[in-house]
Amino acid sequence: MDQKQINKEYNQYVSSKAPKTRMFKSLFWAFVIGGLICCVGQAINDGIVALFPHLYQTQVTSWMLITLITITIILTGIGVWDQVGYLGGAGAFIPITGFANAIASPAIEFKKEGIIFGLCVKMFVVAGPIIVTAVVTSVIAGLLYLII
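Throughout the sequence shown, residue numbering follows my numbering, covering 208 to 355 in sequence.
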């Protein structure tokens, strides 16, 4: 048997065993959950503006993001965010709530290893490469902007 035939049979086997995804259902729930997160963020934003009308919009946005991150971390800690993430998929993990979950989950998982070797070290296991990539890319873009 040649390699192409082996690859073809293997791909057919994998296709027959792979779980079938319902794309429309996944897209629908990602849209709904992502939209709800954005609506909650806008409601928090409007509430802060109503309570503190003297704040600048940048300050209001910062407080809204802090509130969304706090809510996500609390929901992650009590195990609710796992269900939201499972149902909403990318709709739950693309906004800032996904980043908060990516930091809180490892911290919660490894808390039994102690403050230093558990929480502090493992907190950035998932988010660390993202932060490093963002900082390095920003530096490169800034240097290119400075040169050009």
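Cβ atoms here follow ideal geometry from the backbone N, Cα and C, with glycine treated the same way.
Predicted, not measured: the structure shown is a model, and the values here were computed from it.
Unbroken alpha helix (DSSP H) run spanning residue i, endpoints
i: A341; result: G335 to I354
i: G313; result: Checking the sequence shown, residue 313 turns out to be Pro, not Gly. Looking at the DSSP string, the run of the alpha helix (DSSP H) that includes P313 is I303 to E316.
i: D209; result: Here D209 belongs to no alpha helix (DSSP H), and DSSP marks it neither H nor E.
Buried versus exposed, by CB contacts within 10 Å (16 or more), residue i
i: A311; result: buried
i: L350; result: exposed
i: I273; result: exposed
i: G248; result: buried
i: G241; result: buried
i: I281; result: exposed
i: P260; result: exposed
Inter-residue Cα distance where the pair is residue i and residue j
i: I276; j: Q219; result: 43 Å
i: L294; j: L258; result: 33 Å
i: K329; j: T304; result: 19 Å
i: K319; j: G284; result: 14 Å
i: I255; j: C245; result: 15 Å
i: A341; j: D209; result: 45 Å
i: E316; j: C327; result: 12 Å
Selection from the options that minimises the alpha carbon distance to residue i
i: M271; options: K232, G292, I251 and F300; result: I251
i: F331; options: Q212, A307, Y263 and D209; result: A307
i: F235; options: A297, Q266, F317 and T340; result: A297
Which of helix, strand or coil DSSP assigns to residue i
i: G241; result: helix
i: T279; result: helix
i: K227; result: coil
i: V247; result: helix
i: V332; result: coil
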